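**Student:** First residue of the sequence shown? That's 356 in the numbering used here, and the numbers climb one at a time after it.
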Amino acid sequence: MNTIRLPALRADQIVGFLAALGVLRLTTDVLDDPAKLSWPDGGRDGAVLRSRRFADLGELSTALYGVAHDLRTTGRLVPGVDGLPLVRSDADPMNSLSFDDGRGLATSYQLDPVGSEWLASMVGLASPGEDGRLKRSRWWAVGPGPVTIAGTLTKALEPIVGVADIASALTSWRRHDWVGGYLDNAADVGKERIAGTRKRDEFKAAVVGGTWLALLATGWFPERAIGETATETVGWGVSGRRAVFGYPVWREALDASAVRVMLDHPAVSRRDGFALRGMSVAELWECVRLRSGNNNVSVTHPHQVWPAG
Numbered sequence: 356m357n358t359i360r361l362p363a364l365r366a367d368q369i370v371g372f373l374a375a376l377g378v379l380r381l382t383t384d385v386l387d388d389p390a391k392l393s394w395p396d397g398g399r400d401g402a403v404l405r406s407r408r409f410a411d412l413g414e415l416s417t418a419l420y421g422v423a424h425d426l427r428t429t430g431r432l433v434p435g436v437d438g439l440p441l442v443r444s445d446a447d448p449m450n451s452l453s454f455d456d457g458r459g460l461a462t463s464y465q466l467d468p469v470g471s472e473w474l475a476s477m478v479g480l481a482s483p484g485e486d487g488r489l490k491r492s493r494w495w496a497v498g499p500g501p502v503t504i505a506g507t508l509t510k511a512l513e514p515i516v517g518v519a520d521i522a523s524a525l526t527s528w529r530r531h532d533w534v535g536g537y538l539d540n541a542a543d544v545g546k547e548r549i550a551g552t553r554k555r556d557e558f559k560a561a562v563v564g565g566t567w568l569a570l571l572a573t574g575w576f577p578e579r580a581i582g583e584t585a586t587e588t589v590g591w592g593v594s595g596r597r598a599v600f601g602y603p604v605w606r607e608a609l610d611a612s613a614v615r616v617m618l619d620h621p622a623v624s625r626r627d628g629f630a631l632r633g634m635s636v637a638e639l640w641e642c643v644r645l646r647s648g649n650n651n652v653s654v655t656h657p658h659q660v661w662p663a664g
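Here is the structure:
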């Protein structure tokens with residue numbers, strides 16, 4: 356297999372970690388490459404992709420740009436899926452799906468595993484909320500004002516106009532004036548101002564290409580039933596009334612199937628060192644979803660929680 360280094364995709368940054376998963380997901384599910392992913396030098400260094408199909412970073416970047424270009428051409432928002440109630444308007448259907456509507460959608464996608472996977476990662480189908488509507492996943496229940504799933508996916512795709520935009524996402528980030536789905540601790544919530552700036556817009560900081568790859572990884576984090584009356588997004592939990600996202604970092608090259616098992620494994624939330632080492636997990640990282648008034652906004656910069664010290 357060919358070794359392709361992705362120096363910008365560090366696991367000590369939430370966009371970097373998710374974007375690396377996005378690369379693995381697209382290469383495996385869309386580009387028919389049984390690739391493997393790892394952080395051989397730990398989460399503070401870049402990810403490494405082992406690929407059978409792509410010889411180097413240039414070939415990989417070209418192929419990933421081809422996926423983005425195809426989405427733009429077909430009008431799809433995520434690869435291989437048509438018909439999800441995602442519209443580019445302020446009135447996001449996903450924000451007001453009733454429990455019955457959601458179950459009906461799930462039934463309609465029974466024979467479409469890709470569509471079913473995306474639906475389950477956007478809303479919790481196991482149980483309605485107190486208002487009878489489906490709860491949006493932690494990735495999408497964010498932002499002040501009319502933040503739509505479709506609008507977020509569209510805006511993440513817009514700045515990708517050439518292969519160089521994907522290559523930069525993998526090697527050296529370029530940022531632009533947008534909160535980027537509130538994935539990044541640099542998003543505009545007034546928490547961590549970039550030195551020397553005064554205007555709010557000057558520290559909105561989505562990663563060109565990287566944010567798009569990161570959002571496409573969220574399909575690997577579905578809503579799961581918690582008891583009989585609640586759901587929670589895989590990887591997320593609540594600690595001290597704060598929403599916390601925890602994730603593993605591994606040094607051995609793992610394929611998509613192994614990574615998905617690891618992301619949803621109870622040993623991650625329990626910090627079970629014995630089980631984690633058995634799965635080749637080297638580190639655990641966490642970040643916290645910030646609040647601004649009544650809104651969920653960006654996440655804090657991740658910190659390593661295991662092994663201690």
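No residue lacks a Cβ here, since even glycine has one placed at the ideal position from N, Cα and C.
Predicted, not measured: the structure shown is a model, and the values here were computed from it.
(1) Is it buried or exposed, Gln368, if we count other Cβ atoms within 10 angstroms and call 16 or more buried?
(2) Taking the straight line between their C-alpha atoms, what separation do you get for Pro621 and Ala475?
(3) If you follow the alpha helix (DSSP H) that Gly413 is in, where does it begin and where does it stop?
(4) Between the Cα of Val477 and the Cα atoms of Pro577, Met617 and Gly371, which residue gives the shortest distance?
(5) Ser393: which of Gly506, Ala511, Trp605 and Glu587 sits nearest, CA to CA?
(6) Of the choices Asp520, Glu607, Leu525 and Tyr537, whose alpha-carbon is the least far from that of Ile504?
(7) Which of the three DSSP states, helix, strand or coil, is assigned to Trp605?
(8) Report the rounded CA-to-CA distance for Ala613 versus Ala572, giving the unit in angstroms.
(9) State the Cα-Cα distance for the pair Leu415 and Trp533, rounded to the nearest angstrom.
(10) What distance in whole Å lies between the Cβ atoms of Asp520 and Ser653, which are believed to be in contact at a cut-off of 8 Å?
(11) Look up Trp752 in the DSSP assignment and say whether it is helix, strand or coil.
(12) Would you give the residue range spanned by the alpha helix (DSSP H) that Gly371 belongs to?
(13) Is it true that the CB of Thr655 sits closer than 8 Å to the CB of Val370?
(14) Does the structure place the stretch 397 to 406 close enough to the stretch 359 to 367 that three or more beta carbon pairs sit under 8 Å?
(15) Can you check which of these residues, His424, Val497 and Asp396, is closest to Gly648 by C-alpha distance?
(16) Would you check if the distance between the CB atom of Glu641 and the CB atom of Pro657 is smaller than 8 Å?
(17) Output yes or no for whether 8 Å exceeds the beta carbon distance between Phe409 and Asp388.
**Tutor:** Looking at the coordinates:
(1) The residue in question, Gln368, is buried, as its Cβ has 16 or more Cβ neighbours within 10 Å.
(2) 19 Å
(3) Judged by DSSP secondary structure, Gly413 falls within the alpha helix (DSSP H) whose first and last residues are Leu412 to Thr429.
(4) Sequence inspection shows Met at residue 477; the Val mentioned does not correspond to that position. When only C-alpha atoms are compared, the closest one is Pro577.
(5) It is Trp605.
(6) Among Asp520, Glu607, Leu525 and Tyr537, the Cα nearest to that of Ile504 is on Tyr537.
(7) strand
(8) Computed Cα separation, rounded: 15 Å.
(9) 26 Å
(10) About 22 Å; that fails the 8 Å criterion.
(11) With the chain covering 356 to 664 only, the question about residue 752 has no answer from this structure.
(12) Ile369 to Asp384
(13) Cβ atoms of Val370 and Thr655: not closer than 8 Å.
(14) yes
(15) Val497
(16) Yes, Cβ-Cβ distance for Glu641 and Pro657 is below 8 Å.
(17) Taking 8 Å as the Cβ cut-off, Phe409 and Asp388 qualify as a contacting pair.
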